[in-house]
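Here's the structure, in structure tokens; my notes come after.
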Amino acid sequence: MNSLPISDLQLALAAGLMLVSMGLSWRLRLGLGRDIAISTVRMVVQLLLVGLILDWVFSLQNPWLVLGIGLVMTLLAAHSAAGRPRRSYPQLFLDSFVSILVSSLLLTGLVLKGILDVQPWYLPQYLVPILGMVLGNSLTGVSLAVDRFTAGLVTGRAEIEGLLALGATRREAARGPLREALRAGMIPTLNSMAVMGIVSLPGMMTGQILAGAAPQTAVRYQILIMFVIAGSTVLGCLLSLELAFRRLFDPRHRLRVDRLVTKG
5 MNSLPISDLQ LALAAGLMLV SMGLSWRLRL GLGRDIAIST VRMVVQLLLV GLILDWVFSL
65 QNPWLVLGIG LVMTLLAAHS AAGRPRRSYP QLFLDSFVSI LVSSLLLTGL VLKGILDVQP
125 WYLPQYLVPI LGMVLGNSLT GVSLAVDRFT AGLVTGRAEI EGLLALGATR REAARGPLRE
185 ALRAGMIPTL NSMAVMGIVS LPGMMTGQIL AGAAPQTAVR YQILIMFVIA GSTVLGCLLS
245 LELAFRRLFD PRHRLRVDRL VTKG
């Protein structure tokens, strides 16, 4: 069974649903009509461009070019992750990039070479989609973890400085905020895993089934990807929190909230 082609007319008919949303926004005075229009146009343009780029990427047989594309994807993911927390510090982008790069590429390489045994390992049809899914979830976890950690340092400043004054080490004083931050970073992935197959059917599995793959094959791929995503998210959160911890607590065991900048 092959997937059904979608014509321009069929896409235009589907776009009519967004016109309905804009009409409801106008009728209910929600003020979302402009946002819906801009988001719709951006999504269509971006996805069409991605489709053209992927046609070119999938034809590549040069590992350095494929890795270069992966590096660009990682830079964009790090930029997004660094821009989401409400409080920032000067090295946040670098820390986000390092944590996402290490966790995503390490886990993606593991699944491509160690589990699936893709030949060659840089085959774009596998590397780019898997890396994209891993990066998307890793950046969400990293941004949530850093946001919760920095917020915990500000709101719990008195308690943390009290512990430090009583002789606690910087790691002992930060144990509570670090734990809560890691929990926050993992919650979206865990919630998604908990309801997958019961409440929601994940996009990768649905796409494979629509493309004609056997449901059991699609399910196995989805399970594999979710394990990789969960592992990458945990590793990315741990690395980003460790780096943030070292930025915001100096070697003399002092809390340095003065390094934080609250975004407008």
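Under our numbering, think of the first position of the sequence shown as 5, with each following residue one higher. C-beta atoms are modelled at their ideal positions from N, C-alpha and C, and glycine is treated no differently. Only a predicted model underlies this, so the values are computations on that prediction, with no experimental measurement involved.
One or two residues paired with residue i in a DSSP bridge
i, result
"L259", "F253"
"V265", "S92"
Rounded distance between the beta-carbons of residue j and residue i, thought under 8 Å
i, j, result
"R152", "A185", "4 Å"
"S244", "S100", "6 Å"
"V265", "R91", "7 Å"
"I119", "L228", "7 Å"
"G189", "G145", "4 Å"
"I233", "M137", "6 Å"
"P89", "T154", "6 Å"
"R260", "L252", "5 Å"
"A218", "M209", "Incorrect: roughly 11 Å between the Cβ atoms, too far for contact."
Option in the options with minimal Cα separation from residue i
i, options, result
"P255", "M47, L168, R174, W60", "R174"
"V132", "S63, P181, W30, G145", "S63"
"Q129", "L75, W60, A169", "W60"
"L51", "M197, L15, I229", "L15"
"I42", "V146, I10, L23, E246", "L23"
"Q65", "L116, G171, L127, S103", "L127"
"T193", "A149, V106, T221, L167", "A149"
"T44", "G20, V106, L34", "G20"
"V70", "G235, A172, I57", "I57"
"L75", "F231, L53, V102", "V102"
Extent of the continuous alpha helix (DSSP H) to which residue i belongs
i, result
"S29", "12 to 31"
"M200", "Segment: none, M200 is in no alpha helix (DSSP H) and carries neither H nor E."
"Y126", "Note, Y126: premise wrong, no alpha helix (DSSP H); not H, not E."
"A177", "174 to 177"
"S103", "96 to 113"
"G166", "161 to 169"
"R274", "Residue 274 cannot be examined here, being either before or after the span of the chain that is shown, 5 to 268."
"S43", "37 to 62"
Buried or exposed (CB count within 10 angstroms, at least 16 for buried), residue i
i, result
"R46", "exposed"
"G156", "buried"
"I134", "buried"
"S142", "buried"
"Q220", "exposed"
"A198", "exposed"
Beta carbon proximity, residue i to chain B, threshold 8 Å
i, result
"Y93", "No chain B appears in this structure, which consists of one protein chain only."
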